[in-house]
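Numbering (UniProt numbering), first residue to last: 1 to 259. Have a look at the structure below before the remarks.
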Amino acid sequence: MGCVAVHADKFRFCQDFLSVIEQLDYFPITVCGIRTCIICPCKVANLWRKNNLKITHKILSKFYDLIDVFYFTSKGDNPRTAILNIIPNKNVKVLDMCCGTMSNGIRIAKKRKRAKVIGIDLSSNMLNIAKDKIRKDKVKNASIHKCDATNTEFENEKFDYVIIALVLHEIKMELANAMLKEAYRLLKNDGELIVLEWEKSSSIIKSIKFAPIKILEPKPFTSFFALDKKEYFSDNQFEIIQKYHCDYSCVYEMKKRVQ
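Quick look at the structure:
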């Protein structure tokens, strides 16, 4: 009880994470022909704190895309698909803010050929992976830039859509508010902000599987998780026009409250 099954063949951990994994009580099993291992998330957290390890961008970049493998399934309500469905196949400009390895941006660029997608991030490790993915998939309408999401230096009202995915819960409130303020500045008056965030599931099985996320996320996670999202985004001058409840997550489609 209190354990989670993970696909052993999919994990490619960095050295720091391996040093923790080696101390865990886990064992290989086979379920429906798939090799897995059982790991206790509580012990992961305790060992993580004991070893005083920090989840850095360098570490995250090694297995960031595994989120899609374990939490955002192709058969379920995939939030990446929900985001894609909001973007029309028109001549629109899309900003993927704090894009990481650009999981959303590249998908949009490939499926919405007429759109121009720009991804920004401060992590060179993340951007290098995104760059490799763009080159490998021969995506012509996507580009990446290294810059601060709170001070992008793009001109006012440049974008039709701004995406902020799995970011706000990881940072302090002041920084999150500054990022939303910049998103407001960059969006056209009829543009839309799309935010993807984790959401608690009523399913016991999904709650168990979600445990590692809750344990390993930084301190702001708990406070952001508990926020009244309608009130929070309203305080930052955005109005929620639609919510899409997806795998372990929710996609918020919002418009600017034009002053």
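Using N, Cα and C, we set each Cβ at its ideal position, and we do this for glycine too.
Item: Please determine, among Thr222, Arg257 and Asp247, the residue with the shortest C-alpha to C-alpha distance to lysine 230.; Value: Arg257
Item: Does the beta-carbon distance from isoleucine 241 to glutamate 192 come in below 9 Å?; Value: yes
Item: In three-state terms, what does DSSP make of serine 143?; Value: strand
Item: Return the first residue and the last residue of the beta strand (DSSP E) that lysine 188 is part of.; Value: 187-198
Item: Alpha carbons only, please: which of Ser103, Ile108 and Met102 is nearest the one belonging to lysine 89?; Value: Sequence check: residue 89 is asparagine here, not lysine. For asparagine 89, the nearest C-alpha among the options comes from Ile108.
Item: Can you give the Cα-Cα distance for lysine 138 and isoleucine 106, rounded to whole angstroms?; Value: 10 Å
Item: Taking the alpha-carbon positions, what's the threonine 222 to isoleucine 171 distance?; Value: 11 Å
Item: Compute the distance between the beta-carbons of cysteine 246 and asparagine 125, then report whether it is under 9 Å.; Value: no
Item: Please confirm whether valine 162 and alanine 178 have their CB atoms less than 9 Å apart.; Value: no
Item: Of all the options Ile87, Met102, Asp148 and Tyr244, which has the alpha carbon lying nearest to the alpha carbon of phenylalanine 159?; Value: Ile87
Item: My output table needs one value for aspartate 137: the three-state DSSP class, helix, strand or coil.; Value: helix
Item: Which residue from Tyr244, Glu253, Tyr248 and Leu175 puts its Cα closest to that of phenylalanine 238?; Value: Glu253
Item: Have a look at leucine 168 and glutamate 197 and give me their C-alpha separation to the nearest angstrom.; Value: 8 Å
Item: Is it the case that the Cβ atoms of leucine 186 and asparagine 156 are separated by a distance below 9 Å?; Value: yes
Item: To which residues of the same chain is isoleucine 83 closer than 7 Å at the C-beta, ignoring the five residues directly before and after it?; Value: Asn104, Ile163, Ile194, Leu196 and Val251
Item: What ranges does the beta strand (DSSP E) occupy inside the region 81-134, keeping only unbroken runs of at least 3 residues that lie completely in it?; Value: 93-97 and 116-121
Item: Just to confirm, are threonine 101 and alanine 130 a CB contact at a threshold of 9 Å?; Value: yes
Item: Quick check on DSSP: helix, strand or coil for lysine 235?; Value: Note on identity: in this sequence residue 235 is aspartate, with lysine being the wrong assignment. Helix.
Item: Tell me tyrosine 248's beta-bridge partners as DSSP assigns them.; Value: Its beta-bridge partners do not exist; DSSP assigns none.
Item: Measure how close the beta-carbons of isoleucine 120 and methionine 97 come, nearest whole angstrom, since I'm counting them as under 8 Å.; Value: 6 Å
Item: Once you ignore the five residues that flank aspartate 190 on each side, which residues in its own chain have a CB closer than 7 Å to its CB?; Value: none
Item: Pull up the distance between the alpha-carbon of phenylalanine 154 and that of phenylalanine 233, whole angstroms please.; Value: 22 Å
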